[in-house]
Amino acid sequence: MSSTATTERPSNVSEALARGRLGVPSVIFFVLSAAAPLTVVAGVVTTGYGVIGVLGIPLAFLVVAAVLAVFSVGYVAMARRMANAGAFYAYVARGLGRPAGVGTAWVALIAYNALQIGLYGTIGAAAAPVLDRLFGITPQWWIVALVAWALVGMLGLLRVDINGMVLAALLCAEIAIIVLFDLGQLGNPAGGDVSFAAFAPENFFVPGLGAVLVLAILGFVGFEAAVVFSEESKDPKRTVPLATYLSVAIIAVVYALSSWSMTVAVGPDRIVEEAGTQSIELIFNLAGSHLGDTVLTIGQALFLTSVLAAMISFHNTTARYTFALGRERVLPAAFGRTSPVTGAPQAASLAQSVLGLLVIILYAVNGWDPVLQLFFWLGTSGGFGVLLMIATTAVAIIAYFARNGEQETLWRRLIAPGVAAVALVAIIVLAVQNFADLLGVESDSPLRWVIPAAYPVAALLGGLWGLSLRRRRPDTYVRIGLGAESAAVVVAAPSSVTAPAPTAKARR
Amino acid sequence: MLTADEFFLIAHNDTRGRAKLHPAATGLGLAGGLLGELILHGHITVSAGQVGVLDRRPPADALAHTVLDQLVGEAQHQSVRTWLSFLAQTAVTAVGERLSRAGVLRRQESRRLLRTSVTYQPIDLNTVAWPATRLRALLERVEPPSVPDATLLGLVAAAGLTREVLWSAGPRAHHRLSLIIPALPDPLKELVAHTEAAVGAAVLRGAP
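Chains as they are written, first to last, in our numbering: chain W, 48 to 555; chain C, 21 to 228.
Structure, rendered in C-alpha cells:
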C-alpha cells in the first residue's frame, strides 16, 4: 500500500544468500590464525633480536602497523572493485598493466613459497621439547620436518582446511599464553625496574633499521587476506575494512608488547646476546623460570601447533595462488584443475610440496642450520618479497584511482596510498642497505645481494612473459589478474563481474 | 533426460549414489543445469552476466516451473552469479527429488551420528551410468553433438569433471570437447563460463 512496500519487499534470494555471511569477528579470526602469533613471537622475534642485534623491534612493529593501516585505506577501497581481490598481483595488473601484474605474480610465488618452506626449519625446534616430554626422544630436525611435510602435503591434497572453530580456539589459546608470558616477563624485570629503552627512538634509528622493519613486515603477512571475504561478508563496505584495520591493530599491539616485555625481562643491554645464544628457547626459558613448568609445557605445545597451523595455512595460500594463475592460463592450465572429489587444487598443492621436500633434503644433506639459515633466512626473504609487493600495490592503487577514482575521496585514492608508497619505498631502500644485517651475514657475503636481487629479476622475467603473452596468446593476456573469474572473461566484459558501480556498466 | 538430471547422475555415478564431485561444484553445476534447461526451452536468456526472462508461460517440468517463478518473482536480482549461488544451495535436493519422482533414484534417509542425511540411491545401475557413457560415446563421433548435449558437456567441464567422464577416451575426444564449448550459442556459452568462474571462486575461498 505504501510506496516503500514495493522497494523493501522481502527477497528469498537475498535472505538465502545472506545466511552464513561472515561478520567482523569471523574475518579477523581467519586473518589472525594465518598470522600464527606464537610462531612470530617465539620464533621470529627472538631470532630477530639475536641475528639483527637491534633493540628497536617493538617500535618497528608499531611503525609498520601505521604504514600498513594507511596503505589499507586505498587497498580496501580498490578491493571492492576487484575480482580476485586477495592477490596483490591482481591490483598491479589493474593499476600498472598486465605485464607488471605477471611480474608481481612471479614475485608472489617466490615470496609465499619461501615463507611456507622456511617454517620447516623451525618445526624441529618447536617439536623437540614436546617429543622429549612425551616420548623421551630427540630426533634430527629434518625427520620432524619430513613428518610435518607429509602431514601438510596430505592435508593439502585432501583439502582438509582445519576447522574454523579449532583454529579460533588455538588462536585464542596462543594469544592468552602470549599475554601470560608477557605478564610474567614484565613482573620480573631485569635489574628490578621496567625499561622502556626498546621504544626509544635512538635505539630504532640505528644501522640495521631496514632489517628490523622487514622483520616487522614479516609479522603482518596475512593482513591482506581479509579482502578475500568481500562477497561472503555481511556488509562488504564495513566488515572488510574494519576487519583489516582491527587485524593490523591487534597484531601490532600483541607483537610490540611481547617483543618489548622480552627486553624488560632479559634487560635491554643483554637481549641481543641472550637471544643470540638461546634463540627460540629464550621465551620458553623465561616462561619456565617466571611461571613454572605447567605454563611452560602448554606454551611449548601451543608453539608446535602454531607452527603447524601456519604451515598448513601458507601451503594452502600458495597452492591457491598457483591455482588462480593456472585458471588464468598464465601458468600451465593443469595448475588450474582440482581434484573432483575434494575440490583441492591438486597440481598446485603437489608442486608446493615437491618444492618443500627438495629444500628440506638440501638443508639436511648439507647440514645447514635449520633455524637461522632455513627459517629465518627464508622467512625474512619472503617478508622482503611481500614488502616489495605491498609497495608496488600502493603505486598501482594510485594509478588505478587516477583513471577510475571519481567517486572516491582524495584521501582514499591519492593521499593515503601516496603516503604509504613513499614510506614503503623508504623501507625497501633501508632494507636493501641493511640486507646483510637482516640475514646476519658479513657485509661482503654474496647472499646479501643475491636474495634481494632475485625479486627484481623474477619481476622482470614475469613482465617479459606477460609481454610475450600479449603478442602470442591475446586470449590469455586479457585473463591476467582475474584469477578464477578469468573463466567468465571470454564472454562478458570484466566489469560485470567486478565493479558493481553503475558508471562502470555504463562505460562498457 | 533433462540437463540437470544428467549432470546429477554423472556427479553421483556410483553404485551407492555417493558424490563423485565436491559439494560446491556439484551445487553450482546443477544450478547451471537448471538455468540451462530454461535457456534451452526458450524461457530465459543470459547476456552480459544478466538473466533475462523471455517467456513466462509455465514449463512442463515442475522444478523448471519453480525456478522460472523465482526468476520472475525476484526480478531485482538479475546477475547470473547471484542465481547460480542461490540455486546451488538447494539444487542437490531439488534435482534429487525430481529424479526420485521420475523413478530413477530412490530417496533414502539414514541416521548417523545423530544427524539425518539423505542420499539418492540408484534403482537401476544401467540407467544411472548411462549419461556418462553417452557423453563419452558422443565425443568419439565426428558429427557435433546437439545443443543440449553440448551444454551438458560444457557444465561437466566447468565443474571439473572432465577427466571422470573421459577417463578412457583418447586425446581426440579431449580435443573435440575443447571445440564444442566455444561453439555453443552465446547465452549457453556464457552460462557455462560463469559456472566455471563460480566453481573456481569457491575453490579459492577454501572451506566456507
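Note that beta-carbon positions come from the ideal geometry of N, C-alpha and C, so glycine has one too.
- Interface with chain C (7 Å Cβ-Cβ cutoff): Gly-150 (chain W) is excluded.
- One thing to note: Ala-263 (chain W) has its Cβ no nearer than 7 Å to the Cβ of His-214 (chain C).
- Listed along the chain, the chain W residues whose CB falls inside 8 Å of the CB of Leu-50 (chain C) amount to none; the nearest CB is some 15 Å away.
- At a cut-off of 7 Å between C-beta atoms, Thr-523 (chain W) does not count as an interface residue with respect to chain C.
- Gly-432 (chain W) sits away from Val-139 (chain W), with the two beta carbons spaced by 7 Å or more.
- Neighbours of Ser-58 (chain W) in chain C, taken as residues at a C-beta separation under 8 Å, are given in chain order as Glu-94, Gln-96 and His-97.
- Taking 7 Å as the cut-off, the Cβ atoms of Gly-47 (chain C) and Ala-111 (chain C) count as close.
- Residue-level contact check: Glu-271 (chain W) does not touch chain C, since none of the beta carbons of chain C fall below 7 Å from its beta carbon.
- As for any beta strand (DSSP E) of minimum length 3 sitting wholly inside the stretch 130-218 of chain C, the runs are 135-142, ordered along the chain.
- For Thr-65 (chain C), the enclosing beta strand (DSSP E) has its first and last residue at 64-67.
- With contacts defined as CB atoms closer than 7 Å, Arg-145 (chain W) and Ile-407 (chain W) fail to qualify as a contacting pair.
- When 8 Å is used as the limit between beta carbons, Val-275 (chain W) is near these residues of chain C: Leu-224 and Arg-225, in chain order.
- Gly-72 (chain C) has C:Thr-65 as its beta-bridge partners, per DSSP.
- Interface with chain W (7 Å Cβ-Cβ cutoff): Glu-184 (chain C) is included.
- An exposed status is given to Asp-316 (chain W), since fewer than 16 other beta-carbon atoms sit within 10 Å of its beta-carbon.
- For Thr-185 (chain W), no alpha helix (DSSP H) run applies, since DSSP gives it neither H nor E.
- Think of a sphere of 7 Å around the beta carbon of Ala-371 (chain W): the chain C residues whose beta carbon falls inside it are Leu-224, in chain order.
- Under DSSP, Leu-125 (chain C) shares a beta bridge with C:Pro-142.
- The Cβ of Leu-175 (chain C) sits no closer than 7 Å to any Cβ of chain W.
- Note on geometry: alpha-carbon atoms of Asp-144 (chain C) and Gln-128 (chain C) lie some 15 Å from one another.
- Within chain W, Val-60, Ala-63 and Leu-64 have C-beta atoms less than 7 Å from the C-beta of Phe-106 (chain C), given in sequence order.
- In the DSSP assignment, His-85 (chain C) falls within the unbroken alpha helix (DSSP H) covering 82-93.
- Interface residue (Cβ-Cβ distance to chain W less than 7 Å): His-85 (chain C) is not classified as such.
- Residue pairing from DSSP leaves Ser-336 (chain W) without any beta-bridge partner.
- Counting the other CB atoms within 10 Å of its CB gives Arg-118 (chain C) a total of 16 or more, which places it among the buried residues.
- Contact with chain W is absent for Leu-55 (chain C), since none of that chain's Cβ atoms lies less than 7 Å from the residue's Cβ.
- Pairing Ala-217 (chain C) with Glu-489 (chain W) gives a Cβ-Cβ distance that is not under 7 Å.
- Of the candidates W:Val-388, W:Leu-404 and W:Gly-383, W:Gly-383 places its Cα closest to the Cα of Ala-395 (chain W).
- Close to Thr-153 (chain C), with beta-carbon spacing below 8 Å, lies no residue of chain W; the smallest spacing is near 18 Å.
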